[in-house]
Structures are given as structure tokens and as C-alpha cells.
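**Student:**
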Amino acid sequence: MKLDIHQILKLLPHRYPFLLVDRVLEMEKGKRIMALKNVTMNEPFFNGHFPHRPVMPGVLMLEAMAQAAALLSFHSLDIVPDDNTVYYFAAIDGARFKRPVEPGDQLTMEVEIERMKAGISKFKGRARVGSELACEASLMCAMRQIS
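177 is the number that the working numbering gives to position 144 of the sequence shown; each next residue is one higher, with no gaps.
(1) For Gly127, which residues in the same chain have their Cβ closer than 7 Å to its Cβ, ignoring the five residues on either side in sequence?
(2) What are the residues that DSSP puts in a beta bridge with Phe130?
(3) By the 10 Å Cβ neighbour count, where 16 or more other Cβ atoms means buried, how is Asp138 classified, buried or exposed?
(4) Which first and last residues belong to the beta strand (DSSP E) in which Ile153 is found?
(5) Report the partner residues of Ala175 according to the DSSP bridge assignment.
(6) When you compare the CB positions of Leu44 and Asp55, do they come within less than 9 Å of one another, or not?
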């Protein structure tokens, strides 16, 4: 399954400048997702990180993987989230940053489900630029209904 930006906007509550998934390239229900973030010089975080050598903050790479994980969870559970559905980070383990991500790079996130139970899911995520690993981590997320 593939998703374009219009379909992603219907599923995720994030908006510019915090929406970090531009396209879903592949998605296997209950298994994995491959999503894309185009990194451009006009990203607002580059003004301060770093003015002399722009580098995408590692925490935003983790957030991009979590947003991809949310899309995978919704698809795997046959859920169309509404305004009362929130997908929270519960844990990040083993985060490693292997390569700087700079303007002009395409960040490809691959996230695999390790387990899903009672609204809490654990994932293994990797982000690459081309064939080079940029970031990897284990992510735990929780889906909750708010009122």
C-alpha cells in the first residue's frame, strides 16, 4: 500500500513544520512500512541547527520514524483516527545516529512491528539516506483516546 501527502494528512494530526512524512512507499499490514521525508534547506530547524553547517536534529529523525509507525499501526488495526485519537511516544531505546542528514537528502524510514498489545506497540526503526544508515532505534508508542 502507498500513501501520498493528501492521504497522510487525513491520518496524522501533525502539520507543518512538524509533519515529517511526505510519502509512504510501501506498507505491509501488521509488518512494516517504508516512508520518505524530503529534507530541504527551508526546514525551520536549519536556522539554528547549525547556521554554518545545517544538520537535521536526531530527535526529528526519531519523530519521523514514530510518525511512520503511527501510520503503520492505524493501517494494521484498521483504524481511521479521529480528533480524539492520540499516538504518544512511550519509549525510545538504543537510538544510534550514524550519519548526518543534510539539506537535499531523502530520508527513507523503514519501521517494523515487533509487537502490538492493548494499544501499545513496539517497533524497530531505521532511517537511511540512500544505502547509508543515518539512524536506528527501538520505539514504543501508545494509542489513546482523549476527550
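All C-beta atoms in this analysis are idealised placements derived from N, C-alpha and C, irrespective of residue type, glycine included.
**Tutor:** By the coordinates alone:
(1) Reading the sequence shown from its first residue, position 94 is the one you call residue 127. Taken in chain order, the residues that qualify are Ala170, Ser171.
(2) Stepping through the sequence shown from its first residue, residue 130 is reached at position 97. DSSP output for Phe130 lists Cys168 as bridge partner(s).
(3) Against the sequence shown, residue 138 aligns to sequence position 105. Asp138 is buried by the Cβ-count criterion.
(4) As a first step, residue 153 is located in the sequence shown; it is residue number 120 there, counting from the start. Note, Ile153: beta strand (DSSP E), 153–162.
(5) Counted from its first residue, the sequence shown places residue 175 at position 142. Tyr121, Ile153, per the DSSP bridge assignment.
(6) Position 11 of the sequence shown holds residue 44. Position 22 of the sequence shown holds residue 55. Taking 9 Å as the Cβ cut-off, Leu44 and Asp55 do not qualify as a contacting pair.
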